[in-house]
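Asks: Got a structure for you, written out below as C-alpha cells; questions coming shortly.
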Amino acid sequence: MTQPLVEARDLTKKFGDFVAVDSIDFEIHKGESFGFLGPNGAGKTSTMKMITTVSPITDGHLRVFGIDPTVDGRSIRQRIGVVPQEDNLDLELTVAENLYIYGRYHDMTRPEIEPKIDELLEFAQLAERRDSKVEPLSGGMKRRLIIARALINEPDLIILDEPTTGLDPQARHLLWDRLYRLKREGATLIITTHYMDEAEQLCDRLVVMDNGKIVAGGSPRQLISEYAPREVVELRFQDGQKDEAVLKMEGVANRSEVLADRVLLYTDDADETQRTMHERGIQPEQVLVRRSTLEDVFLRLTGRGLID
Amino acid sequence: MTTLSRSLRYAESEVIAYRRTWRGTVITSFVNPILFLAAMGAGLGSLVDDGTGNLAIPYLVFVASGLMAATAMQNGAGDGSFPVMAGVLWRKNFHGTITTPLGPEDIIWGRLIWGLARLTFVLGVFAVIAVLFGAMDLAPALLAIPPSVLTGIAFTACITAWTLTQEDGRSLSTLFRFLIVPLFLFSGTFFPISQLPGFLEPVAYVTPLFHGVEAVRKIALPGVDETIVTSLPLWVHIVYLVVMAAVGVYLSIRILDRRIRP
Chain A
692 MTQPLVEARD
702 LTKKFGDFVA
712 VDSIDFEIHK
722 GESFGFLGPN
732 GAGKTSTMKM
742 ITTVSPITDG
752 HLRVFGIDPT
762 VDGRSIRQRI
772 GVVPQEDNLD
782 LELTVAENLY
792 IYGRYHDMTR
802 PEIEPKIDEL
812 LEFAQLAERR
822 DSKVEPLSGG
832 MKRRLIIARA
842 LINEPDLIIL
852 DEPTTGLDPQ
862 ARHLLWDRLY
872 RLKREGATLI
882 ITTHYMDEAE
892 QLCDRLVVMD
902 NGKIVAGGSP
912 RQLISEYAPR
922 EVVELRFQDG
932 QKDEAVLKME
942 GVANRSEVLA
952 DRVLLYTDDA
962 DETQRTMHER
972 GIQPEQVLVR
982 RSTLEDVFLR
992 LTGRGLID
Chain B
210 MTTLSRSLRY
220 AESEVIAYRR
230 TWRGTVITSF
240 VNPILFLAAM
250 GAGLGSLVDD
260 GTGNLAIPYL
270 VFVASGLMAA
280 TAMQNGAGDG
290 SFPVMAGVLW
300 RKNFHGTITT
310 PLGPEDIIWG
320 RLIWGLARLT
330 FVLGVFAVIA
340 VLFGAMDLAP
350 ALLAIPPSVL
360 TGIAFTACIT
370 AWTLTQEDGR
380 SLSTLFRFLI
390 VPLFLFSGTF
400 FPISQLPGFL
410 EPVAYVTPLF
420 HGVEAVRKIA
430 LPGVDETIVT
440 SLPLWVHIVY
450 LVVMAAVGVY
460 LSIRILDRRI
470 RP
C-alpha cells in the first residue's frame, strides 16, 4: 500500500488544560476526499491547523507527505492549498493580485503565475471580476476566490475548513459544484464541516468528531447503515401533547430520539411504524418521513444535534 | 528560498498594495514638512532668533534637523501599528500568509524592508524640502537621512511588537496620544532638552526620540555646541537605536508566532 498523504497517531492538541484534540488516529490517502464532521468546538479546526503546520502539535505522531511538520513545515506548506474558515483575502489588492501574491509566496515567477491566474479565475467563475477590488465581492465570490488562491501552487493536498459556512444555499451549491470538479480531477481534499449534507455530497470517507475525539469513521453510506436504520419518521406535536404521546411509543420503532421540538423514530419500515402509531392512537400534528442522514448518525453517537 | 527572498516576497505584496494608496501618503509626506517648516522654522523661528535666544544656529536649522527624526518616528510608529493590527486582527491576512511557505519571521522582516524603503522616501522628500526652505544645506540634509531612517525603523520594530500584544485597535490611538505626541514635543525636537525642568532631563535621556534627534544633529550638523546637543558621544545614540530595533524585531517575531501559530 502506498504511503498515506496524511498520517496521524495519538495526535493531541492542548491549550493549557483544555484538550482540543484528544489522541486521534487517521490516515488520508491520495485522491481521497476526506471529511471531519462535527459540531463547533469538536476539534476539527485545531486538527486542520496542525496538518497545515500553523499550529504545533502537543503530542503524538503526525506526518504530511511523510514529512514531520515540527521539522519542516515549510516543505509541507509548499505543497498544500488552504481554504481557511474565515475570509482572509487582502482587501487592498484586486482579485487577480490576491492570486498573484500567493503565487509569489510559493516561489513562482510572473510568467508561471499569469496563465495560472486566468485558468483559476475561469474555474472560480470570477474572470469578469479580475481587476475589481475584493471588498465588494459577495460572500460566495470571496470563498471561490479563496479556493482559487489555494490552488495557485497546484497543491497535492487541498484543505478546506468549513468551506460553505455562512453562504446562502445557491452560493453553497455553486461552491460544491467547483469542489466536486476538483474531486473528479483527482485532487485530494480534506474538508471539515458541520453540515451533514456537505459531508454526504463531498466526502468519500469521513470521521465524526466530538469533544476532541473521533467517535466513528467510514463512508457516509457505511456510517448511516451502521448507526441509523434506513428511515426516520419525524413527529411534531401540539403544545403539551408530546410527553403523553411518547409514553405510548414503546416498540413502534427500532429507536427513538425525543428532541425539544420533535420526536424522531428510527425504523426500517416507516409504513409499518406509522400504522402501529395509528393503532395506538398517537396523533401527531405533523408527520414527515425521510431517509436517515449523517445528522441522525451524529445524534446517535453523541446525543446531540450537529448545529446547537 | 532564503529568509531574505521570502521577506522580499512579502514586501512585494506591500508594494503592490501601495500602488493603489500612494497618492494620499505622498501628499502627507510633502505637505507635512512644508507646514512644519513654515510654522515652526520660519514663523516661530523669526521670534526666537530675534529674542534672547542662545542657540548657536538659526532656529529654522535647529528645528528642521529635529523634525527629520520626529517625522521618522511618526511614520515608523504608524507603520508598526495600524497595518499590523489589520494583518493580525482586522483583515487577518497574516493568518493566510503563514499557510504558504512564508512564516511569521518573513512577515516581520518583509514589513521592515518595506518600512525601510518608505522611510527613505519620506525622509528624502523632507530633506529636499528642507533644502528648498534654506533650512539645511544639501550635504547635511542627505547626511541626516540615515540616522532618521534608523530612528523610524527602531520605532516600527518596537511598536509592531507592542501592537501584536493588543487585543483591539482602541489602544493604538491611545499610544499615539500618550506616547508619540509627548515624545514629539519633549525630545529636543523644538527646544534643547537642557530647557526641560531639571527632573525631566534624565527622563529625556532614556526616551528613544531624543537619541534619534541627537544622532541626526551630531551627524548632519557637525561641530554644533552644547547649546544644541548634549555631550554624549554619537555612538551611544546609534547603539541605543540599533538595540531598540533589534529587540523590537526579536519580540515582534516571537509574539507574532505565539499569536498566529497557537
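From first to last, the protein sequence lines stand for chains A and B. Under the numbering used here, read the first sequence as residues 692 to 999, first letter to last. Under the numbering used here, read the second sequence as residues 210 to 471, first letter to last. By construction, the Cβ of each residue, glycine as well, lies at the ideal position given by its N, Cα and C atoms. Just so we're clear, the structure is a prediction, and the values are computed from it rather than from any experiment.
1. Given a threshold of 16 other Cβ atoms within 10 Å of its Cβ, counted over all protein chains shown, does B/Val-452 qualify as buried or as exposed?
2. To which residues does DSSP link A/Lys-704 through a beta bridge?
3. Taking the Cβ atom as the reference point for each residue, do A/Leu-866 and A/Arg-834 lie within a distance shorter than 9 angstroms?
4. According to a CB-to-CB cut-off of less than 9 angstroms, which residues of the region 778-792 of chain A neighbour chain B?
5. Opposite A/Lys-904 in the DSSP bridges: which residues?
6. Using three-state DSSP, classify A/His-720 as helix, strand or coil.
7. According to DSSP, is B/Ser-174 helix, strand or coil?
8. Opposite A/Gly-726 in the DSSP bridges: which residues?
9. Can you name the start and end residues of the beta strand (DSSP E) that A/Thr-958 belongs to?
10. Which residues of chain A have a Cβ atom closer than 7 angstroms to the Cβ of B/Ile-225, listed in chain order?
11. Beta-carbon of A/Asp-999 versus every beta-carbon of chain B: anything under 9 angstroms?
12. Buried or exposed: which applies to B/Arg-386, given that a residue is buried once 16 or more other Cβ atoms fall within 10 Å of its Cβ?
13. Please classify A/Glu-976 as buried or exposed, where buried requires at least 16 neighbouring CB atoms within 10 angstroms.
14. Step through the CB atoms of chain B and report whether any lies within less than 9 angstroms of the CB of A/Asp-847.
15. At a CB distance below 8 angstroms, what residues from the region 706-738 of chain A approach chain B? Give them in sequence order.
16. Throw me the rounded Cβ distance for the A/Ser-910 and A/Asp-895 pair, which I believe falls under 8 angstroms.
17. If you draw a straight line from the C-alpha of A/Asp-798 to the C-alpha of B/Trp-318, how long is it?
18. Just grab the DSSP bridge partners of A/Thr-785 for me.
19. Report yes if the C-beta distance between B/Ala-513 and B/Ala-273 is below 9 angstroms; otherwise report no.
20. A/Gly-772 and A/Arg-840: beta carbons closer than 9 angstroms?
21. Using a Cβ-Cβ cutoff of less than 6 angstroms, which residues in the same chain neighbour A/Glu-826 once the five nearest sequence positions on both sides are dropped?
22. Straight-line CA distance for A/Phe-706 to A/Pro-854?
23. When the Cα atoms are used, what is the spatial distance from B/Leu-359 to B/Leu-450?
24. Taking A/Leu-696 as the reference, give the member of A/Asp-987, A/Phe-756 and A/Thr-884 with the closest Cα.
25. Are the beta-carbon atoms of B/Met-282 and B/Gly-421 separated by less than 9 angstroms?
26. With DSSP as the reference, label A/Leu-753 as helix, strand or coil.
27. Could you check what DSSP says for A/Leu-848 in three-state terms: helix, strand or coil?
28. DSSP beta-bridge partners for B/Val-358?
29. So within the region 351-414 of chain B, which uninterrupted beta strand (DSSP E) runs reach at least 3 residues, ignoring any that extend past its ends?
30. At the level of alpha carbons, what is the spacing between A/Gln-892 and B/His-304?
31. Does the distance from the C-beta atom of A/Met-887 to that of A/Leu-985 stay below 9 angstroms?
Replies: On the basis of the coordinates in this document:
1. exposed
2. A/Val-712
3. yes
4. Asp-778, Asn-779, Leu-780, Asp-781, Leu-782, Glu-783, Leu-784, Thr-785, Glu-788, Tyr-791 and Ile-792
5. A/Asp-901
6. coil
7. This structure gives no information on residue 174 of chain B, because the portion of chain B shown stretches from 210 to 471.
8. A/Ile-882 and A/Leu-897
9. 954-958
10. Leu-784, Glu-788 and Ile-792
11. Note on A/Asp-999: pLDDT 47, under 50, position unreliable in the model; no value is reported.
12. exposed
13. exposed
14. no
15. Phe-706
16. 6 angstroms
17. 17 angstroms
18. A/Lys-824
19. In the structure displayed, chain B extends from 210 to 471; residue 513 of chain B sits before or after that span and is not available.
20. yes
21. Leu-782
22. 25 angstroms
23. 7 angstroms
24. A/Phe-756
25. yes
26. strand
27. strand
28. Answer is none; B/Val-358 lacks a bridge partner.
29. none
30. 29 angstroms
31. yes
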